[in-house]
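The sequence shown begins at 43 in the working numbering and counts up one residue at a time. Where a beta carbon is used, it is the ideal one built from N, C-alpha and C, also for glycine. Keep in mind the model is a prediction, meaning the values are calculated, not measured. So the structure is just underneath, and the comments pick up after that.
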Amino acid sequence: MALAACGSESEEPEPQRAVVEAPQPVMTSAPTPIAAADGTPIEPGQWFVTEDAEGARALFGAPRSDGKMILSCAYGASQVRFALESDASEPQSWRLDAGGEAARIDLEPSDGELPQLEAYVDQGLAIINALGASGQTFALTSPDGQRRQFPTHPGIRRVIAACT
């Protein structure tokens, strides 16, 4: 009995634990990065993807703007039109970094109304398809070394698919 008495005296009542319910999961879309992995800020704006009877187009910029960048393709064209807002009047070679690859893109002044540089790029290239990833970024580096970062967007895959 002495043992039983000692044992009951040394036992303390177990503390009450609060029951915490886990929050219910909420489905969200892929986050749009605000900075690239290297800390470089992303160009402000968002992607607007449209399709019509002629093809598909992805415009990056503010709503109802001319866009900082436009990727477009006419149905069956096999080449994506890559247009970048620029006042340059001479052809320029830019570097594109996307999906772990790098490529040179030779851009020329556009004949259109907007001040742009443009190039036509084979839609089958892996680096072009990387622009359609979700939650990533890609970079364009000008000839003078200015780096511009843009978020990737899955809607760009619709533009690429329109080329076929």
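Proximity of residue 156 and residue 127 at Cβ, strictly below 9 Å: Mapped onto the sequence shown, residue 156 falls at position 114. Mapped onto the sequence shown, residue 127 falls at position 85. Yes, Cβ-Cβ distance for residue 156 and residue 127 is below 9 Å.
Beta-ladder partner(s) of residue 91, from DSSP: As a first step, residue 91 must be located in the sequence shown, where it is residue number 49. DSSP lists 100 as partners of residue 91.
DSSP three-state assignment for residue 273, whether helix, strand or coil: The structure shown does not extend to residue 273, since the chain is modelled only from 43 through 206, so no value can be given for it.
Three CB pairs or more closer than 8 Å across the segment 136-150 and the segment 165-175: yes
Which of helix, strand or coil DSSP assigns to residue 200: Taking the sequence shown and counting its residues from 1, the one referred to as residue 200 is at position 158. Three-state result, residue 200: helix.
Boundaries of the alpha helix (DSSP H) in which residue 168 is found, first to last residue: One-based indexing of the sequence shown puts residue 168 at position 126. Residues 168-171.
Inter-residue Cα distance where the pair is residue 203 and residue 97: Against the sequence shown, residue 203 aligns to sequence position 161. Against the sequence shown, residue 97 aligns to sequence position 55. Rounded to the nearest angstrom, the two C-alpha atoms are 9 Å apart.
Segment limits, beta strand (DSSP E) that includes residue 193: Taking the first residue of the sequence shown as position 1, residue 193 is located at position 151. That run of the beta strand (DSSP E) goes 189-193.
Between the CA atoms of residue 193 and residue 163 - distance to the nearest angstrom: For the purposes of this step, residue 163 is taken as residue 121 along the sequence shown, with counting starting at 1. For the purposes of this step, residue 193 is taken as residue 151 along the sequence shown, with counting starting at 1. Rounded to whole angstroms, residue 163 to residue 193 spans 19 Å at the Cα level.
Limits of the beta strand (DSSP E) - the one that residue 243 falls within: The displayed coordinates of the chain run from 43 to 206. Any statement about residue 243 would go beyond what the structure contains.
As assigned by DSSP and simplified to three states, the class of residue 186: Taking the sequence shown and counting its residues from 1, the one referred to as residue 186 is at position 144. Looking at residue 186 - three-state DSSP - the assignment turns out to be coil, as it is neither helix nor strand.
For residue 151, the residue or residues it bridges with in DSSP: In the sequence shown, counting from the first residue as 1, residue 151 sits at position 109. For residue 151, which the question treats as bridged, DSSP gives the partners 159.
Inter-residue spacing [alpha-carbon to alpha-carbon] between residue 152 and residue 80: Taking the first residue of the sequence shown as 1, we reach residue 152 at position 110. Taking the first residue of the sequence shown as 1, we reach residue 80 at position 38. Going by the C-alpha atoms only, they are around 31 Å apart.
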